[in-house]
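Everything on this sheet refers to the single structure shown next.
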Amino acid sequence: LFAVFRLHAVEPVDPGRFEKEILVPAARDATQMEVLPGGDVIFAEFWGTVKQWNVKSGEVSILGKLPTYAKGEIGLLGMAVARDFERSGHLYALFCPVAKQDTVRVSRFTVKDGKILVESESELLSWPYDTEHVFHMGGAMWMDGKGDLYIGNGDNCHYDPGLPQDTRPDRKNWDAFRSAANSRDLRGKVLRIHPKPEGGYSIPEGNLFADGKDGRPEVFAMGVRNPFRLTVDDKTGTLYFADVGPNIMPALAVKPDGYEELNATRTAGNFGWPLFVGPNEALPLYDFAAKKEGKRYDPKFSENLSPRNTGIQKLPPAKPALIWYSSLPSKRFPSVGSGGRTIMAGPVYRYDASNPSTTKLPETLDGRLFIYEWMRNWIQTVKLDTEEPELVPFLPESNLRRPIDMKIGPDGALYMIEYGDQWWENNDSRSVRVVYRRDKRAPVARISASETAGQQPRELKFD
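For the sequence shown, this note's numbering gives the first residue as 195, with consecutive numbering after it.
Next up, the structure:
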């Protein structure tokens, strides 16, 4: 008997064939985007405006302005579209409404004939937030292939001193036990709901408190600090979410100092904040009145004893992060670098051989998760089929300007929003597309000079 084996040849990758195309050169604090099946791009601006880039004309139009109250870290925080958007026109927004400025709201709007019908708003979910210090408000939204809507919502705590465990009466905004570790509070969570066509929503099976007995049924992940970007891989059902970590003030002399986290899970759970960070390293209970450390809990057995806690006291076991790093160089993940940090979770790339696109990303990236850094301006891919996650820098020579959202388009290309160099008031946010050019490429003009700075007069040589 003879067996015939057909070996699949994977195309060699030429780094020089990756090209970054600018789709939208200027927007005002663009935050999240969606790439439609036809190739158009819808993106949201922090101040409430939603726009659409047309793939055929290259022009940008305004779909509408949502009634958004914007201040500090509250505004139009997130956006997602229904998987059948081109039929239903349903667009979901996470925002602070002008009419009720002390709440965060998730609503569905309908887009028709190129305009958002503001009067079509169908409110799904809302919750109050503390307005004294508007920090760590999250903002991630994602709709998976089953029609479940994921919402990343921050703990609404002040960043100073970076250890929000202060349960004293006048320190509400420094107590994450009232929010992230509170099973009956929607802050500091990743929520999961299933919007219904007629309005309202149902609770997906498998949420952390799906029966509502011990906590809010919308909660999928609790113990989260600031989940700014998330994604779901429809092939595996895995949720990946990035949690922006703390910088614990040196005066407290508390270790560990805090980590950025990339979390991965297929099941609901508690991710530990503010008692555990990174690979479930325990933070001490801190007595701010006495200025000294208290006990450190076991990740399997922890409690929420804050007088502001309205949920369960005995918390679910804490889940560790998949990837974590601090402000210092990481021995475990050396490619992440050091310094300021703001981790983001991008999509998982699935190579489709039947996709006729000549600009789709190469097959060598199949099954890899994209992660990126707002502060450090890098993109990396994560190999998930290894015993330990392996990080590989992606286009390390690329000049990035604060990447803040990332999606894979129907053409298999990587779409991205670059927010701009400063926090708030950027009028040069841009949307770009990274393609892998298999056919002929345009020539690249390059010039070098013997010197690039100095007083005049000066003699220079150019090449």
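Cβ coordinates follow ideal geometry from the N, Cα and C atoms, glycine included. On a predicted model such as this, the values are computed, not experimentally measured, just so you know.
Using three-state DSSP, classify residue i as helix, strand or coil.
{"i": "R526", "result": "coil"}
{"i": "W336", "result": "strand"}
{"i": "T558", "result": "helix"}
{"i": "K489", "result": "coil"}
{"i": "N621", "result": "coil"}
{"i": "R632", "result": "coil"}
{"i": "K513", "result": "coil"}
{"i": "S282", "result": "helix"}
{"i": "F303", "result": "strand"}
{"i": "A370", "result": "helix"}
{"i": "G258", "result": "strand"}
{"i": "P444", "result": "helix"}
{"i": "P478", "result": "coil"}
{"i": "G463", "result": "strand"}
With a CB to CB cut of under 6 angstroms and the five nearest residues on each side skipped, what residues in its chain are close to residue i?
{"i": "P421", "result": "G332, A334, G346, V384, F435, D437"}
{"i": "D599", "result": "Q226, M227, I611"}
{"i": "T459", "result": "L433"}
{"i": "Q295", "result": "Y263"}
{"i": "D657", "result": "S642"}
Using CA coordinates, which residue listed in the options is at the minimum distance from residue i?
{"i": "N503", "options": "M600, P363, I602", "result": "P363"}
{"i": "W321", "options": "L288, T304, R302, G339", "result": "L288"}
{"i": "D307", "options": "V586, S282, T297, K294", "result": "S282"}
{"i": "G540", "options": "W568, P514, Y519, S529", "result": "W568"}
{"i": "M273", "options": "W336, V235, S314", "result": "W336"}
{"i": "F564", "options": "N457, Y344, E239", "result": "N457"}
{"i": "K449", "options": "R535, F465, E475", "result": "E475"}
{"i": "E619", "options": "A264, A647, V638, L319", "result": "A264"}
{"i": "A293", "options": "Y286, L559, E317, A276", "result": "E317"}
{"i": "R222", "options": "K259, K525, A370", "result": "K259"}
{"i": "G533", "options": "D405, Y519, P261, D408", "result": "Y519"}
{"i": "G348", "options": "D338, R372, R365, E584", "result": "R372"}
{"i": "G431", "options": "P355, Y344, K407, F470", "result": "Y344"}
{"i": "G561", "options": "I573, P550, L578, T553", "result": "L578"}
{"i": "E497", "options": "T297, D338, A370, K309", "result": "A370"}
Does the distance from the C-beta atom of residue i to that of residue j stay below 8 angstroms?
{"i": "A415", "j": "G463", "result": "yes"}
{"i": "E205", "j": "E455", "result": "no"}
{"i": "M511", "j": "K494", "result": "In the sequence under discussion, the amino acid at residue 511 is Pro, which differs from the Met named in the question. Yes, Cβ-Cβ distance for P511 and K494 is below 8 angstroms."}
{"i": "V626", "j": "L217", "result": "yes"}
{"i": "F527", "j": "I537", "result": "no"}
{"i": "L357", "j": "I442", "result": "yes"}
{"i": "V249", "j": "I236", "result": "no"}
{"i": "A238", "j": "R624", "result": "no"}
{"i": "P291", "j": "R302", "result": "no"}
{"i": "P478", "j": "G488", "result": "yes"}
{"i": "R570", "j": "R535", "result": "yes"}
{"i": "S644", "j": "K655", "result": "yes"}
{"i": "S529", "j": "P587", "result": "yes"}
{"i": "Y453", "j": "G439", "result": "yes"}
{"i": "H330", "j": "R211", "result": "no"}
{"i": "E213", "j": "R632", "result": "no"}
{"i": "I602", "j": "Y545", "result": "no"}
{"i": "L285", "j": "P355", "result": "no"}
{"i": "L559", "j": "Q574", "result": "no"}
Beta-carbon within less than 8 angstroms of residue i's beta-carbon, same chain only, minus the 5 sequence neighbours each way: which residues are those?
{"i": "P209", "result": "L589"}
Between which residues of its own chain and residue i is the CB-CB distance below 7 angstroms, once the five residues before and five after are set aside?
{"i": "N367", "result": "D324, E326, H327, C351, H352"}
{"i": "I256", "result": "T243, K245"}
{"i": "G409", "result": "S377, R378, L402, F403, G505, I506"}
{"i": "E253", "result": "none"}
{"i": "D615", "result": "R595, R596"}
At least 3 beta-carbon pairs within less than 8 angstroms: the stretch 426 to 436 vs the stretch 391 to 402:
no
With a threshold of 8 angstroms, are at least 3 pairs of Cβ atoms found where one atom belongs to the stretch 223 to 237 and the other to the stretch 606 to 615?
yes
contact_flag[the stretch 384 to 394, the stretch 348 to 363] where n(CB pairs < 8 angstroms) is 3 or more
no
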